[in-house]
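First residue of the sequence shown: 1, per full-length UniProt numbering; consecutive thereafter.
The beta carbon of each residue, even a glycine, is placed where N, CA and C say it ideally should be.
For clarity, every value in this text was computed on a predicted model and none was experimentally measured.
Taking it in order: structure first as structure tokens, then the write-up.
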Amino acid sequence: MSGRLVCIGDSFTEGVGDEDPRYPNGVRGWADRVAEQLAAHTPGFLYANLAVRGKLAGQILAEQLEPALDLRPDLVTFYAGGNDLMRPKVDIDGLLEDYDKGVARLTEAGARVVLFTGVDGVEDALFRKMRGRVAIYNEHVRLMAARHGATLVDMWAMRPLRDRRLWSADRLHLNHLGHTEVAVAVLDALGAPHSLKPAGLGPRETVDPRTRRRENIAWAKAHALPWVQRRLRGESSGDTVTAKRPALAPVE
């Protein structure tokens, strides 16, 4: 198994939603869990995480790709585009064309690359409206993975990720249960031994429409409105954030 893991991307890879003050940037996430499991079975294992919340795909390619290549990784996880898909307008074809070039750079350098499809938001009233965009994005990613021999983690097919209990209060980021679910999927896709277990929460409670509306209104005020206001001001949640693990280092 790989001894030099580099992860690039946005909040999904940084670990936002899985808050833990013991970790850099105050978040843990699936990538840290994957690194911990790989390190337990790989002598001399090194891990870097260059992901920064709020980044668009073009920013990830411009700011993280070259530093990642400079670290000479033999395993790279690469997810980008989620923030682009949430913008009012997005050129999905153009976005994935640039994404493809980035994947090509990594595979040509000898790295094994792990890619991700987007999650199916069918059970959420807001994110259900984005299903068409995400589906187009996913088809591009599947073709890209096949073209470059990348390992694909198909989150669209991961039905547990439709369960709101695996998401943080902002509904945009996975919580510790969701991040663990993704870590299991990544390790399984790599064929790596691990001791992680999915949540297995069982059936969900039925929520009456009145309670659901009240929850949605509270969420909109606490999370959706601030997000829109940041967009209008041209601000990003990652403007003052730096990579949590900018250099390859042992996993402690």
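What residues match up with residue i in a beta bridge as DSSP calls it?
i, result
"G151", "Position check: residue 151 holds Thr in this sequence, whereas Gly was assumed. In DSSP, T151 forms a bridge with V114."
"Y47", "L5 and A249"
"L174", "W167"
If you run the structure through DSSP and keep just helix, strand and coil, what is residue i?
i, result
"T77", "strand"
"V27", "strand"
"E14", "helix"
"L85", "helix"
"L201", "coil"
"L187", "helix"
"E97", "helix"
"E181", "helix"
"E19", "strand"
"D32", "helix"
"H140", "helix"
"H41", "helix"
To the nearest angstrom, how far is the alpha carbon of residue i from that of residue j?
i, j, result
"R72", "L65", "11 Å"
"E36", "D98", "31 Å"
"residue 291", "R164", "For the chain, the structure presents residues 1 to 252; residue 291 sits outside this window and is missing."
"R245", "G54", "17 Å"
"F127", "G121", "5 Å"
"Y137", "D20", "31 Å"
"R214", "D170", "15 Å"
"K89", "G3", "40 Å"
"A249", "S195", "22 Å"
"R133", "R87", "11 Å"
"A125", "D208", "15 Å"
"T242", "A68", "15 Å"
"residue 271", "C7", "Nothing in the structure corresponds to residue 271, since the chain is present only between 1 and 252."
- Message: When you compare the region 180-199 with the region 23-42, are there three or more beta-carbon pairs, one atom per stretch, that lie closer than 8 Å?
- Response: yes
- Query: Counting Cβ pairs closer than 8 Å, one from the region 14-27 and one from the region 151-165, do we hit at least three?
  - Reply: no
- For the 8 Å Cβ check, are there 3 or more pairs between the region 111-118 and the region 135-149? yes
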